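Peer 1:
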Amino acid sequence: MGALIVAGSLSWNTTTDNLYTAFGEFGQVTDAIVMQDRETGRSRGFGFVTFSNPDEAQAAIQGLNEQELDGRRIKVNIANARPSGGGRSGGGGGRRLPAAAPRPRLQSRRRLWWRLLSSLSVLWYGSKLLWGRASSNKVLSCTVQA
């Protein structure tokens with residue numbers, strides 16, 4: 015069975031071909047891939063290399079870890095296998111505290127304040143200031159200031 019290693023801190027200019035070339039000096043590379051961003055297509059800064067022999071993979075780790083590749087000092091390690099089977103293991107079923115009520119976001123507070131201000135009608139009547147709260151052509155309250 016092959017050995018999978020991970021190469022981290024790669025340059026954004028590093029390609030899969032560069033990984034094949036660099037790691038191929040230490041043994042037979044069966045697969046290599048540089049992980050890329052889906053939207054931009056640019057390297058995400060890490061990649062995986064599969065060797066046919068675990069001894070070759072170990073030699074590549076010792077030979078390339080903390081060495082420069084495409085202008086960056088890379089980190090090379092054995093890739094940790096993910097545990098098989100889906101879902102979480104364990105799970106403590108302890109008592110859960112109730113969630114605190116969320117504070118209103120600043121944006122929603124501003125929106126409420128703006129609604130209140132826009133619903134107020136201000137009128138000058140002669141030398142008196144009339145203001146009140148109006149809703150659909152009905153005056154809900156009115157105050158007269160001299």
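Using the working numbering, you'd call the opening residue of the sequence shown number 15 and step up by one each time. Backbone N, C-alpha and C define an ideal beta-carbon position, used for all residues, glycine too. The model shown is predicted, which means the values in this text are computed figures rather than measured ones.
Measuring straight from C-alpha to C-alpha, what distance separates V63 and A73?
Peer 2: To locate residue 63, count along the sequence shown from 1; it is residue 49. To locate residue 73, count along the sequence shown from 1; it is residue 59. Cα to Cα, the separation comes out at about 13 Å.
Peer 1: Report yes if the C-beta distance between L33 and I47 is below 9 Å; otherwise report no.
Peer 2: In the sequence shown, residue 33 corresponds to position 19, counting from 1. In the sequence shown, residue 47 corresponds to position 33, counting from 1. It is a contact, given that the beta carbons lie within the stated cut-off.
Peer 1: Do Q42 and N67 count as a contact pair if the criterion is CB distance below 9 Å?
Peer 2: If you number the sequence shown from 1, residue 67 lands on position 53. If you number the sequence shown from 1, residue 42 lands on position 28. Cβ atoms of N67 and Q42: closer than 9 Å.
Peer 1: Alpha carbon to alpha carbon, what distance is there between S57 and F40?
Peer 2: Here residue 40 refers to the residue found at position 26 when the sequence shown is read from its first residue. Here residue 57 refers to the residue found at position 43 when the sequence shown is read from its first residue. Looking at the two C-alpha atoms, the distance is approximately 23 Å.
Peer 1: Within 10 angstroms of its Cβ, does A21 collect 16 or more other Cβ (buried), or is it exposed?
Peer 2: Residue 21 sits at position 7 when you count from the first residue of the sequence shown. Buried, by the Cβ-count rule.
Peer 1: Could you name each continuous alpha helix (DSSP H) segment of 4 residues or more that falls completely within the stretch 28 to 78, going from the start of the chain to the end?
Peer 2: Runs of the alpha helix (DSSP H) inside the stretch 28 to 78: 30 to 38, 68 to 78.
Peer 1: Nearest to W26 by CA position, among A17, T35, F60, D45, is which residue?
Peer 2: Here residue 26 is taken as the residue at index 12 of the sequence shown, counted from 1. Among A17, T35, F60, D45, the Cα nearest to that of W26 belongs to F60.
Peer 1: Would you mind giving the Cβ-Cβ distance between S28 and D84, rounded to the nearest angstrom? I have them listed as a contact below 8 Å.
Peer 2: Position 14 of the sequence shown, counted from the start, is the residue given in the question as residue 28. Position 70 of the sequence shown, counted from the start, is the residue given in the question as residue 84. The question names Ser, but residue 28 in the sequence shown is Thr. T28 to D84, Cβ: 5 Å. Contact.
Peer 1: Should A14 be labelled buried (16 or more other beta-carbon atoms within 10 Å of its own) or exposed?
Peer 2: Because the chain spans 15 through 160 in this model, residue 14 falls outside it and cannot be assessed.
Peer 1: To the nearest angstrom, how far is it from the Cα of I75 to the Cα of Q50?
Peer 2: In the sequence shown, the residue the question calls residue 75 occupies position 61. In the sequence shown, the residue the question calls residue 50 occupies position 36. Taking the straight line from one Cα to the other gives about 22 Å.
Peer 1: To the nearest angstrom, how far is it from the Cα of A93 to the Cα of R52?
Peer 2: As a working note, residue 93 is residue 79 in the sequence shown. As a working note, residue 52 is residue 38 in the sequence shown. Those two C-alpha atoms are separated by around 22 Å.
Peer 1: T35 and G65 - do their beta-carbons sit closer together than 9 Å?
Peer 2: Residue mapping note: residue 65 aligns to position 51 of the sequence shown, counting from 1. Residue mapping note: residue 35 aligns to position 21 of the sequence shown, counting from 1. Contrary to the premise, residue 65 reads as Phe rather than Gly in this sequence. Cβ distance not < 9 Å, so F65 and T35 don't count as in contact.
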